[in-house]
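When you line the sequence shown up against numbering that gives the first Met the number 0, it's residues 0 to 464, in that order. No residue lacks a Cβ here, since even glycine has one placed at the ideal position from N, Cα and C. Since we're looking at a predicted model, the values are computed, not measured.
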Amino acid sequence: MRRPNLVFIMSDDHATHAISAYGSRINQTPHLDRIAEDGMRFDACFCTNSICTPSRASVLTGTYNHVNGVTTLETPMDNTLVTYPKLMQQAGYQTAIFGKWHLGHGPAHDPTGFDDWAVLPDQGLYHDPDFYTPEGRIVVQGYATDIITDMSIRWLGERDPDRPFALMIHHKAPHRPWEPDEAHASMYEGERIPEPETFWDEYEHRATAARVAEMRMMDLNEADLKEPVPDGLSRSEEVSWRYQRYITDYLRVVASIDDNVGRVLDWLDDHGQTEDTIVVYTSDQGFFLGDHGWFDKRFMYEESLSMPFLFRYPRLAEAGSVCDEMVLNVDFAPTFLELAGIEVPSQMQGTSFAPLLSGQAPPDWQQAMYYRYWMHQDRDHNVWAHYGVRSHRYKLICYYNDPLGQPGARGPAGPPEWELFDLEADPFEMRNIVGEPEQASLVGELRALLADLQAACGDEPITGG
Ligand code: SGN
Ligand code: CA
């Protein structure tokens, strides 16, 4: 059989609950839905660290952040690490990446393993962005999402038609500050987007970390709001007004991604490549869309832990299928390699989920996952470092803090705080039941599971010493 092509589309901060294929209550994404309708939707895809640079490193290398060294936004990736595009290139694939990189720049961090690339400097701009390319810096007039798609489609047209390709389309959108293009600037005007169930959360029954996080509607700044706050609003009216400002721009920016994904799908159809090409749509992590009163991500809570993962490959995945098995960002690289017929190197820690694509879960498939957010001094949103475990039903989180009280060492001074959620009884994670006496044995089991998963991937617990 012909080796499949790969079109891997990854946006930045696009949560599942703003995709209609995932049942969004707030928008429609007809082109993303095409991927789901003609392929498989993964309902339990999680990132192992809900922040950009680290998640991207895990996607490329198939390893956890303590192994690839990319634990925070300030730790660029060593570009000599083994990545899936590199191995595909070595196996004869034509490879390219266009869009957000966010893994560092310069000789030690620029993209490697790509025949062609053009990447945004760090976060990049929405309008008239500049790009770093192998030939140097260029400025391109226009809107980032359109430009990244134009570059991708141009590359597809210019490639050698006799060799397979792997193309990474990494959108900047819908990252903050959510600047729409002209075509979508007045979408949703006069409409009121519903507030999520947990919008007015006051963080009772939760660890201190939830209460101190600085990503509430009142933390949105002028660049985010783009309009002055109207006079005469009560505090709660202002919070609601801010949410409308935030979410309409977020959804407008998403609408442009959706259109541009449609252009890529049309190109594949028009050039007879649909049958031979794996198409993936995902995001580097999830996002809070007013859930718990927040924007941003970082927490291990569902909205930010969950990644969209839509997969189309007509030769393998049945149209309209859904997979409930757990898959992680570290599993992507091994999966793509297996599908391309390339041996998965032993240093990759993730597992190929290729068997799930034909609807068969291996009997020993993972039933729980390990998570760690390492930003011990998060200056952006003051989200405290934590690790935890999620099974299909339960989630146990440890905000490990700094038991030794060294200023700034690894979070606030003080003993660890734990959270336990029963996702079946409490899907919105509003009630931490870790202290309830009847949960004691469950807590013991989950702590043991956390320790096992942590040890299995080679990470270590924080202790008092
Ligand atoms: C910027 C944003 C933050 C965001 C980080 C990380 N502030 O610093 O809100 O959490 O990026 O985002 S902004 O005002 O500069 O937009 S990530 O997607 O790269 O992880
Ligand atoms: Ca991101």
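By the beta-carbon neighbour count (other beta carbons within 10 angstroms, threshold 16), P160 is exposed. Separation of K225 and L59 (C-alpha to C-alpha, rounded to the nearest whole angstrom) is 35 Å.
Between S255 and T74, the alpha-carbon positions lie close to 31 Å from each other.
The distance from the Cβ of E416 to that of A206 is about 4 Å, consistent with a contact at the 8 Å cut-off. Exposed is the label assigned to D323, since fewer than 16 other Cβ atoms lie within 10 Å of its Cβ. Membership of A143 in the alpha helix (DSSP H) is indicated by the continuous run 143–157.
Of the heavy atoms belonging to ligand 1, none sits nearer than 7 Å to the Cβ of P75. Its Cα nearest to that of Q93, the residue M167 stands out among A182, F294, M167. Placement of the Cβ of C44 at a distance of 7 Å or more from every heavy atom of ligand 2 is found.
Ranked by Cα distance from D268, the first of F308, L155, Y369 is L155. E416 is bridged by DSSP to Y398. In this structure, the straight-line span from the alpha carbon of L356 to that of S151 is close to 26 Å. Ligand 2 never approaches C322 closely enough for any of its heavy atoms to be under 7 Å from the residue's Cβ. The C-alpha of E437 is placed about 46 Å away from the C-alpha of H170.
Taking C-alpha positions only, S440 is separated from G141 by approximately 58 Å.
Below 8 Å, enough C-beta pairs join the region 289–298 and the region 206–224 to call them touching: three or more.
Around the beta carbon of E418, 16 or more other beta carbons lie within 10 angstroms, which makes this residue buried. In its chain, beyond the 5 residues on either side, Y125, P128, K171 have a beta carbon closer than 6 Å to the beta carbon of A143. Counting along the chain, D129 sits inside no alpha helix (DSSP H); it lies in the beta strand (DSSP E) bounded by residues 129–132.
Between A17 and S10, the beta carbon gap of about 10 Å keeps them out of contact (Cβ cut-off 8 Å). Counting only residues of its own chain and dropping the five nearest sequence neighbours on each side, F45 has a CB closer than 8 Å to the CB of L304, S305, M306, M325, V326, L327, N328, M368, Y370, R389.
Residue side-chain check: H65 keeps its Cβ at 7 Å or more from all non-hydrogen atoms of ligand 2. Residue pairing for H380: DSSP places it in no beta bridge. Judged by the Cβ position, D283 qualifies as a neighbour of ligand 2 at the 7 Å threshold, a heavy atom of the ligand being closer than this. Rounded to the nearest whole angstrom, the C-alpha separation of W364 and G434 is 31 Å. About 17 Å separates the beta carbons of F286 and A43, which is beyond the 8 Å limit, so they are not a contact pair. DSSP, read as helix, strand or coil, puts I96 in strand.
Here Q243 is near I192, since their CB atoms are less than 8 Å apart. Nearest neighbour of D425 by Cα position, chosen from H204, T79, A222, T52, turns out to be H204. Per DSSP, the continuous beta strand (DSSP E) segment holding Y369 begins and ends at 367–372. At the C-beta level, H385 and I396 come within 8 Å of one another. Residues D223, Y245, D248, Y249, R251, V252 of the same chain have their beta carbon placed closer than 8 Å to that of W177, with the five preceding and five following residues left out of the count. In this structure, ligand 1 has no non-hydrogen atom nearer than 7 Å to the beta-carbon of Q376. Taking the C-beta atoms as reference points, F335 is found nearer than 8 Å to Y83. Assignment of beta strand (DSSP E) within the region 3–32, counting only whole runs of 3 or more residues, yields 4–10 in chain order.
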